[in-house]
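Colleague: Provided herewith is a single structure, encoded as structure tokens, for subsequent inquiry.
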Amino acid sequence: RQERHVRSVQFVEALSVAKNDWAGEHVFKGGVDIQYSRFEGDDASQPVEIVRLDGTLAERTTYTPPLTTPEVTGTEVALFVQDRWRVNDRLNFELGFPADFDDVVERANYSPRIGMSVSVLPEGRGILRGGFGKFAERTPLNVGAFTQYNVQTVTRRAANGTPLGNPVTFAHVVDGELRTPESLVQTVAWDQRFGRLFFFKTAYLHRSGSHAYVVNPDPARGVLTLGSTGDSKYWEIETTGRFLASEYRDISVSYVRSHSTRDVNDYDQFFGNFRNPIIRANENSLSPTDVPNRLIVRGTFGLPGQWVFSPLYEWRTGFPWSAVNEFQDFVGPRNRTGRLPSVHTLDFTLARPWRLKKYRFRAGLKLYNVFGASAHRDVQDNITSSNYGTFYNPIERSIGFLIDSAR
């Protein structure tokens with residue numbers, strides 16, 4: 005049970021200056037952002053039990069002390085300068101250099117960035133875009149409260165009730181120097197128009213993350229460590245085609261191929277808004293939301309009587325999942341046991357403008373998941389269950405009403 009209070013005071017100021025005589029047109033911008041925040045509250049935890057199918061106790065976790073009152077303050081200071089440089093009608097640059105001080109981990113961060121666009125074909129019919137940047141994330145205040153939270157004592161028992169070893173108390177320990185999570189991002193894209201009706205885009209994005217906050221239990225030493233050791237990798241290739249004849253004759257098709265890995269014991273899932281009390285060893289594996297393939301088709305079509313039909317179809321690969329045993333220990337590599345079923349959904353709205361006296365509004369119907377029950381979102385992942393591997397909780401068909409009012 006958590007009750008948290010956050011107070012924040014922020015000052016932001018920016019200044020822009022335009023110059024047209026330095027090898028093109030420049031728009032310089034600089035600014036400062038100062039924010040003071042305070043986090044305090046109550047955090048109470050009750051015992052957690054893992055029970056076998058036959059009702060016997062497998063593991064019990066208790067917390068000491070039952071109630072804690074974490075409190076953290078921090079002052080963040082950020083400065084930035086940037087230049088939007090238009091060399092000529094076909095070449096543009098965007099240069100930026102933010103710097104900030106992370107008070108929670110007491111560290112200064114620098115995040116240079118550059119972007120460029122080149123109009124390769126005349127009249128903007130073919131544009132090459134690209135960019136590179138370093139991005140530093142803000143450290144949540146509750147990271148600074150890690151050593152103030154209550155500690156876990158875990159006891160395991162056999163099916164007959166006898167303890168499996170001595171209880172283990174996991175003291176909270178910061179493992180090494182904490183650093184602000186950051187990422188390096190590279191992008192390149194090609195946009196091309198074919199006549200006035202067809203548009204095509206292909207893009208590649210690569211992201212490398214480092215220093216993410218992860219927690220890792222060490223039963224041998226009796227500690228739960230917090231470290232800035234989390235790494236992540238993500239890349240995607242996107243292709244999009246669009247036909248745009250008018251406001252009500254529009255269809256686009258987009259396909260994304262991607263791959264995502266990361267350290268899976270991110271701090272937020274254990275000490276964030278919704279806390280997972282079962283903490284197992286960290287691994288670097290597939291992200292829980294890794295989706296190798298995703299296809300989206302959307303459109304807008306005008307019908308007689310001013311009706312507008314707007315469908316949205318999505319097909320994507322299902323999320324990966326992990327198998328666990330009777331103690332909720334992972335069996336095999338994390339997020340590599342299998343995948344949930346592929347998702348294929350079709351939603352659409354059918355609406356038109358209406359008038360009631362002096363009021364004008366747009367109203368109609370919205371239908372979700374025309375295909376009916378599909379796209380299961382849960383799986384029985386316990387290998388001791390007779391239903392192991394069975395999928396549950398599909399997305400159901402539903403109908404809603406759409407009203408957009410305007411006077």
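In this note's numbering, the protein residues as written are 5 to 411. The beta-carbon is built from N, C-alpha and C at its ideal position, and this holds for glycine as well.
1) So, with DSSP's three-state summary, where would you put E412?
2) Along the chain, where does the alpha helix (DSSP H) containing I273 start, and where does it finish?
3) Along the chain, which unbroken stretches of the beta strand (DSSP E) at least 3 residues long are found entirely within the region 353-405?
4) Taking only the alpha-carbon atoms, compute the straight-line gap between G303 and F247 and give it to the nearest angstrom.
5) Please classify N146: does DSSP put it in a helix, a strand, or coil?
6) Is the region 120-129 touching the region 235-252 in the sense that three or more CB pairs, one from each, lie closer than 8 Å?
7) What three-state label does DSSP hand G180 in the structure shown?
8) On the three-state DSSP scale, how would you describe P116?
9) Of all the alpha helix (DSSP H) runs that stay within the bounds of the region 272-332, which reach a length of 4 or more residues?
10) Given that a residue counts as buried once 16 or more other Cβ atoms are within 10 Å of its Cβ, and exposed if not, what is H215?
11) Cutting at 8 Å between CB atoms, please list the residues of its own chain near V328, excluding the five before and the five after it.
12) So, at 6 Å on beta carbons, what are the nonlocal neighbours of G148 in its own chain, with the 5 sequence-adjacent residues on each side left out?
13) Determine the closest residue to T157 out of Q50, F97, I118, with distance taken between C-alpha atoms.
14) Cutting at 6 Å between CB atoms, please list the residues of its own chain near T60, excluding the five before and the five after it.
15) Taking 7 Å as the limit between beta carbons, can you name the residues of its chain near L371, skipping five residues before and five after?
16) Can you list, in chain order, the residues of its chain whose CB lies under 6 Å from that of R298, leaving out five sequence neighbours each side?
17) Let me check one thing: in DSSP terms, what residues is S212 bridge-paired to?
18) Does DSSP classify R411 as helix, strand or coil?
19) Excluding sequence positions up to five away, which residues of its chain have a Cβ less than 8 Å from the Cβ of T68?
20) May I have the straight-line CA-CA distance separating V268 from R338, to the nearest angstrom?
21) Taking only three categories from DSSP, how would you classify Q6?
22) Measure the alpha-carbon distance for F405 versus L307 and round it to whole angstroms.
23) Kindly indicate which three-state DSSP category T151 falls into: helix, strand or coil?
24) Are there 16 or more other CB atoms within 10 angstroms of the CB of V218, so buried, or fewer, so exposed?
25) Whose C-beta lies closer than 6 Å to the C-beta of P171 among residues of the same chain, with five residues either side of it excluded?
26) Going by the beta-carbon positions, is the gap between T143 and G180 smaller than 9 Å?
27) Considering only residues of the same chain and omitting the five flanking positions on each side of R117, which have a CB-CB separation below 6 Å?
28) Are there 16 or more other CB atoms within 10 angstroms of the CB of L145, so buried, or fewer, so exposed?
29) What is the DSSP secondary structure of L344, counted as helix, strand or coil?
30) If you drop the 5 nearest sequence neighbours on each side, which residues of the same chain put their C-beta closer than 8 Å to that of P70?
31) Under a three-way DSSP split, which group does N24 fall into?
32) Taking Cβ to Cβ, would you say F365 is nearer than 9 Å to L344?
33) If you measure between the beta carbons of R381 and I407, is that distance less than 9 Å?
34) How many angstroms separate the CA atom of G199 from the CA atom of Q14?
35) Under a three-way DSSP split, which group does E17 fall into?
36) Can you list, in chain order, the residues of its chain with a C-beta nearer than 6 Å to that of E44? Leave out the 5 residues immediately preceding and following it.
Modeller: Taking the definition as stated:
1) What the structure shows of the chain is the stretch from 5 to 411, and residue 412 is not part of that stretch, so it cannot be assessed.
2) First, the residue type needs correcting, since residue 273 is Gln and not Ile in the sequence shown. Where Q273 is concerned, the enclosing alpha helix (DSSP H) stretches over 272-275.
3) The region 353-405 contains, as complete beta strand (DSSP E) runs of 3+ residues, the segments 363-372 (chain order).
4) 9 Å
5) Of the three classes helix, strand and coil, the one that applies to N146 here is helix, per DSSP.
6) Contact between the region 235-252 and the region 120-129 is absent, with fewer than three C-beta pairs closer than 8 Å.
7) coil
8) coil
9) The DSSP assignment places complete alpha helix (DSSP H) segments of no fewer than 4 residues inside the region 272-332 at 272-275, in order along the chain.
10) buried
11) F334, V335, D385, N386, I387
12) V76, V108
13) Q50
14) A163
15) D351, F352, I403
16) Cβ within range, chain order: V260, R320.
17) L188, K237
18) For R411, the pLDDT reaches just 48, beneath the cut-off of 50, and the residue's location in the model is therefore unreliable, leaving the point undetermined.
19) N154, V155, T157, T173
20) 8 Å
21) Looking at Q6 - three-state DSSP - the assignment turns out to be strand.
22) Taking the Cα positions, F405 is about 19 Å away from L307.
23) If DSSP states are grouped into helix, strand and coil, T151 belongs with the helices.
24) buried
25) T157, T159
26) no
27) G100, G137
28) Classification of L145: buried, given that the 10 Å Cβ count is 16 or more.
29) coil
30) A48, S49, Q50, N154
31) coil
32) no
33) no
34) 48 Å
35) strand
36) H9, E75
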